[in-house]
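As you go down the protein sequences, you meet chains U and R in turn.
To convert, count from 1 in the first sequence and add 7; that's this note's numbering.
To convert, count from 1 in the second sequence and add 8; that's this note's numbering.
Cβ atoms here follow ideal geometry from the backbone N, Cα and C, with glycine treated the same way.
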Amino acid sequence: MFVEIGAPGADLSHILFKHPDHPRAFDLPVGRAWVWYPQAGPARTRAALMVETDPAALRASRRFKVSGFELGHHINDRSYAASSLLAVAIARVFSSALRGQDPVEQPGLAARERPLEIRLPSVRSRGGATLVHELFEPLGWGVAAEQSPLAAQSVDVTLTGSATVQAALAHLYVLLPVLDGAKHYWVGPQEVDKLVRHADQWLATHPARAMIMRRYLAHQGEYVADAAERLIAGEADHASLGSDRSPDRHPDQTATGPTSRPAEPLQPLSATDTRPEPTDGEAWGGEATGGDAEPVATQGAGGGLAAARRDAVLARLGAAGARSVLDLGCGEGRLLADLLRHPQFTRVAGADPATSALARADQRLARLPERARDRLTLFQASATYRDRRFAGFDAIVLSEVVEHLDPDRLAALEGVVFAAARPRLVLVTTPNRDFNPLYGLADGEPRNPDHRFEWNRAEFTAWARRVAAGHGYHVTFDGIGQLDPERGAPTQSAEFRNDGENA
Amino acid sequence: MPELEIPQTCLVLLVGASAAGKSTFAARHFDQFEVVSSDFCRGLVSGDPLDQSATADAFEALEGIVGIRLRRGLLTVVDATNVQAAARKSLIALARAHDVLPVGIVLDLPESVCLARDSARERSLGGRVIARQIGDLRRGVKGLGREGLRQVHTLRTEDEVATARIVRVPLLNDRRGDAGPFDVVGDVHGCLDELLELLERLGYAVTRDEAERPVDAAHPAGRRLVFLGDLVDRGPDSVGVLRLAMGMTAAGHAIAVTGNHEARLVRALGRGSKVEPTHGLAGTLAALAEAGPEFTARARQWAYDLVAHLVFDGGRLVVAHAGLKEAYHGRASGRVRAFALYGDTTGESDEYGLPVRHPWAEEYRGRAKVIYGHTPVLETRWVNNTLCLDTGCAFGGKLSALRYPENEIVQVAARRVYSEPIRPLGSGSGVAPASGLARAGDQAPDADPAAAHSRDAGAAPGGWALADGAGGLLDAGDVLGKRVIETRWMGRVSVQAEQAAAAFEVMSRFSAAPDRIAYLPPTMAPVGASRLDGFLEHPREAFAYFADFGVVEVICEEKHMGSRAVAWVRAPGAVGPESLHTRTGRPFFDSELEAEALSRIRAAIGAAGLWDELGAEWLLLDAELMPWSLKAEGLLEDQYRPVAAGAQAMYGAALEALADGIERGLDLTELRDRTARRAENAAAFGRVLERYAWETTGLAGVRLAPFQVLAAGHGGGGEPLYARPHVWHLAMADRLAAADPEFFQVTRRILVRPGDSGSQADGVVWWEKLTAAGGEGMVVKPAAAPVRLAKGLVQPGLKVRGREYLRITYGPDYLDQLDSLRNRSLGRKRSLALREYALGLEAVDRLAAGEPLWRRHEAVCAVLALESEPVDPRL
């Protein structure tokens, strides 16, 4: 990691409290930092900070998030690209300057703005050069940012502008981890204090403040709310800061539906959110894009398509008089929570093949009163494997599940649910492809990268009718979400019943 | 001296007052573990065997233990007073729930005896309690049979108790001691001519009576016929078939189980019973009337005495008219009989008014072969170790027999249609096979019985029957939970429940459909760390490793840097699953491109003449697919390229700043030199990386390097080829490359004698050349694998990666850290590699042996499960 700060004149070495003619080394938890002055003179002074990382120490840092790829612990760009590690080095090496401390003999020196040039040859930016512009320009920096032809996340940055050294260092201290989107250490409540200390001058008016807080505080809602409270007290919009996640939100989960579709629905900023193969962060079926995308209560009772889907499922289960319900592909258990709120459902089960999703569902539902929890069972299972635990439910719900299966596995699902488990009622919901153009999706472009297919209304109807006929069910169809006169509703649903045939 | 006969498997209720001597009696006649005593259970749950306040809990424990024993088919004796009907009732229900006969042994001793014994005890219960118990006992004793006890033995004197002997009688269905050989015959339904023809085909000599009527048939080699029931009705000569079957069973030349038609006949011939004379019964009754009352009475008695199912050959063969699920094998109860006669009926009816049956065979997971009839099918077909032999002879189909233990089908065609089926033949049992797989009747006929025979020659030692891959739905229970997989090459391999859960998740969410995954490749261990200066891995260690195991010749194969790929390809026109998937079962391509890749492979196999040469209609190939970037683009993007990019940019700027500082006279030369070296390391890292990444469009740019033909086969079975020498496999691969050089990549190799220093040196030079330019390295394998020594399997291969290549595994600067990296521990990785290897071969063997899908899937999932074991990913 390397950063160089240049300023006219010879003041810089005084402000940084480092002797211009003596290179120095500082021990850090993950390696060693070197400070020297490539240039020091009356005309111009340049201070260089380089961190040599210790690979073993880096590996030992367990908070160092690398998603989905174990080898990432060993092969990564942490030694080279500026990130939270460099922020830590800045705080350690330039602590006085970061506090704005004046040299004893020169009061007022630190508080003076001066033309600065900051060179960061390699910055890790999940959001590429664009994000660098978005973060630094509102703070008055002229930004030159060039993405590496090899890797878009690797950006060569030069910042120019007039600022105090303290402000410049504070900007780097807060924004380098934000660019990276990951911290190498545990984010605890003291991080809110640090953020307030280093950003209280400028964050409240920064247009990307919501994203900055969210990323800096590792998406921990409580801390984000706390920081918002302390930094932006009195501002009307702070209540929504914790949930303003439009860049990461998926169209399928938007609050208001197609008429006000978010500007950038499918390109989440964070690379960890664009997994080609969904890993543990993503539930199979159910709320496929996970907790990050779920609109929170502040967005009103409308609550988006996902909530509308749950409401519709609940209504149909209620109308059918179902008392025992299996949510097959329950994901993180949002529907289960709704089911448990209604005493009509005396036995509720959630099943999903993803153990991590089940663990999160378990956490989520642990907050419910014990009497509600007692009605619930959670277990690992798949809709393509016959399972004796599926037997004996009044209803099985397959909400946003079928589209996550390869088409050649639908026959197995059909056998497992309609022939082997054979409940009185089966509810299936799935995206309506006819509706996709209203999300601005190109032809054939799925709503979620893990969707193996999306059916239009005719295809879904044909499939459902064939299944119903093959297994002695009656099927009826409906739409969920805001109805478009031509394209139907965003979600289509089918209700299969075989009342009276075999209880 | 009373002899008390009890079934070999049963629940024995000892009934008697306290101090009647039950425990003494039980200890004398039964094994210590066969007796579950209420006093003992009271002691277990309360610490005091006489603590009456713990009785409820004690019985809960007792019933729990008894239930488990009965489920496991173990004779169990309940030593409790059992004097009250309520106490007996729940135990009798427990026996019924496990389809085990409940019997009672009553110790009805004079009150004076009990009282005398009681008062002699340290903690006497007292006369009132004993008297009450005896009163209860005597009130209930007459009704014991009505309560459901199938046998009741009563001992009334001390002498009787002292001299009684227990005789354990096998159940009527228990013929485990009889291993055949048998010829099992499906539903005859009065088709005497066809039966006689079949007997002749099977080699039986028929005996006729003075009226030229067949009355017996015997096999010169002592084989016996097993009739699966439904001998009568529908066909032209039910009486003739009965006469022959009765004669054969009487002479010990045949054994029969009852069919539902025999059961109906018995009822129709009984007194006062009303049976609709449908389904051909009227004809049988008329013929019997003609045959006379004496024959009719004998026939009725014969049919009445038939049991519903039989267990042969140490439990390996079960016959029942309509089949039998595993839990019912060797059991006796009304519902076991009903299942054996009518199948697993759901209570629903289909559009023809016939009962809908649950597809029990699809759910069957037992080791015993179950041979049955009842539901006519067009062709016989193994489903999960079960076989239906009713090929609808009376409906104009065929009469079929299975030669056991040869597993050979022998059939004769019906001479005409004797009866019109209510439901078209082969239209299934009314419930569509749940998996959506082809129904029984849709399968292509297994025309050549000899072919079936030869296939079985390579069958599994476990005795799993041949199957054509169809076996219905997989069950979560086939994969989940702690598992122990029996492998041919390594014995038992355990899979922990959490590992199984991880595999289940991957299989459910990301893998191709399970029937398309025949095999998953094992991980491969690297060679031991080299002590040579500047090397972490070096061929010498590999040669030494194999030389130590006495391997005379090894083959060094170029290791391609791509993604491991498994291709399962069928000949033109052959029907069945195909795939091209990764080492975790994920498809490489979307279905369209996959089909294109498969047809490319198919064409090359054809052009190379391998279909004919191997006599195969499918091949299973282990291969490497290039480029690496095809599957690993995400990794390249997120992990690898940022390293190269970041290092290049950062070191460039840093070296400039260092140079400026040095020019100013700062003491930075050491830091500068170190930084310059690291910059060079990072550049080398980048160069290695780009060697393995290139653009592809469709299949253009994609290359496949097969290195093993794992198996070749036909339809549902085949021959494992993995044990052939590697030179053979690579010769096959060369021919594919010759046929389609654009798509197939040749694997370069060299043979080395690890015990010969000159040969070793050649191997080292070869490797050095291969890797100098960044080539991944090589794999050293015993030339003839698998190698199994007394102490177990030898590693099937060790990878020796190139010095430059290792930068992308251990980091750009790894050569600066060699001392610590040499301490890497290989034990876990090697153990894992061997277990996965054995499981992978097991999957291939199960495939080749034609075992059911769930058995193959079990082995495949086990490989995947072991992959979740935490091992250093750099190894």
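DSSP, read as helix, strand or coil, puts R/Glu13 in strand. Near chain R, meaning a CB-to-CB distance below 8 Å, the residues of the region 125-153 of chain U are Arg126, Pro128, Ser129, Arg131.
DSSP places U/Ile239 in the coil class of the three-state scheme, outside both helix and strand. Leaving aside the five residues that flank R/Ala692 on each side, the residues in its chain whose CB is nearer than 8 Å to its CB run, in chain order, Glu812, Arg815, Pro820. Listed in chain order, the non-local C-beta contacts of R/Val283 below 8 Å within the same chain comprise Arg272, Arg275, Ala276, Leu289, local neighbours out to five positions each way being set aside. In this structure, DSSP gives R/Arg672 a state outside helix and strand, which the three-state scheme calls coil. Taking a 10 Å sphere around the C-beta of R/Ser26, we find 16 or more other C-beta atoms and assign the residue as buried. Residue contact with chain R for U/Arg393: present (Cβ-Cβ distance below 8 Å to some residue of chain R).
From the beta-carbon of U/Leu157, the residues of chain R found nearer than 7 Å are Arg649, Ala652, Ala653.
The beta-carbon of R/Ala521 is placed less than 8 Å from the nearest beta-carbon of chain U. Boundaries for R/Gln419: no alpha helix (DSSP H) harbours it, while the beta strand (DSSP E) harbouring it runs 416-421, taken from the DSSP string. According to DSSP, residue pairing for R/Met634 in a beta bridge involves R/Arg711.
Residue-level contact check: U/Thr362 touches chain R, since one or more beta carbons of chain R fall below 8 Å from its beta carbon. Considering only U/Ala174, U/Arg221, U/Pro196, U/Leu202, the residue with the shortest C-alpha distance to U/Gly188 is U/Arg221. Here DSSP, grouped into helix, strand and coil, assigns U/Leu343 to helix. A direct Cα-to-Cα measurement between R/Met254 and R/Ala624 gives close to 46 Å. Its Cα nearest to that of R/Val795, the residue R/Val559 stands out among R/Val559, R/Gly660, R/Arg680, R/Ala139. Taking a C-beta cut-off of 9 Å against chain U, the contacting residues of the region 483-500 of chain R are Asp483, Ala484, Gly485, Asp486, Val487, Leu488, listed in chain order.
At a cut-off of 8 Å, the C-beta of U/Ala419 has a neighbouring C-beta in chain R.
At a Cβ-Cβ threshold of 8 Å, R/Phe235 and R/Ala262 count as neighbours. Our two residues, R/Val577 and R/Ser876, have alpha carbons roughly 28 Å apart in a direct line.
For R/Met786, the enclosing beta strand (DSSP E) covers residues 785-790.
In the structure shown, R/Ala348 adopts helical secondary structure according to DSSP, grouped into three states. Secondary structure note for U/Asp485: its beta strand (DSSP E) is the uninterrupted segment 481-487.
In the displayed model, R/Arg594 falls within coil according to three-state DSSP, outside both helix and strand. The C-beta separation of R/Gly810 from R/Gly783 comes to about 6 Å, placing the pair in contact by the 8 Å criterion. Contact annotation, R/Asp483 with U/Arg374: C-beta distance approximately 34 Å; criterion of less than 8 Å not satisfied.
Setting aside the 5 residues that flank it on each side, R/Leu117 is surrounded in the same chain by Ala28, each with a C-beta closer than 6 Å to its C-beta; the list follows chain order.
Within the region 363-393 of chain U, Gln387, Ala388, Ser389, Thr391, Tyr392, Arg393 place their CB atoms closer than 7 Å to a CB of chain R, listed in sequence order.
Using a Cβ-Cβ cut-off of 8 Å, R/Phe347 does not count as an interface residue toward chain U, since no Cβ of chain U sits closer than that to its own. Proximity to R/Asp39 across R/Met9, R/Asp87, R/Glu68 peaks at R/Asp87, based on C-alpha coordinates. Rounded to the nearest whole angstrom, the CA to CA distance from U/Ala54 to R/Val651 is 25 Å.
Take R/Asp541, set aside five residues on each side of it, and no residue of its chain has a beta-carbon closer than 7 Å to its own. DSSP places U/Gly311 in the uninterrupted alpha helix (DSSP H) bounded by 311-326. Straight across, the Cα-Cα distance linking R/Leu528 with R/Val574 is about 7 Å. A residue is called buried once 16 or more other Cβ atoms fall within 10 Å of its Cβ, and R/Asn268 is buried on that count.
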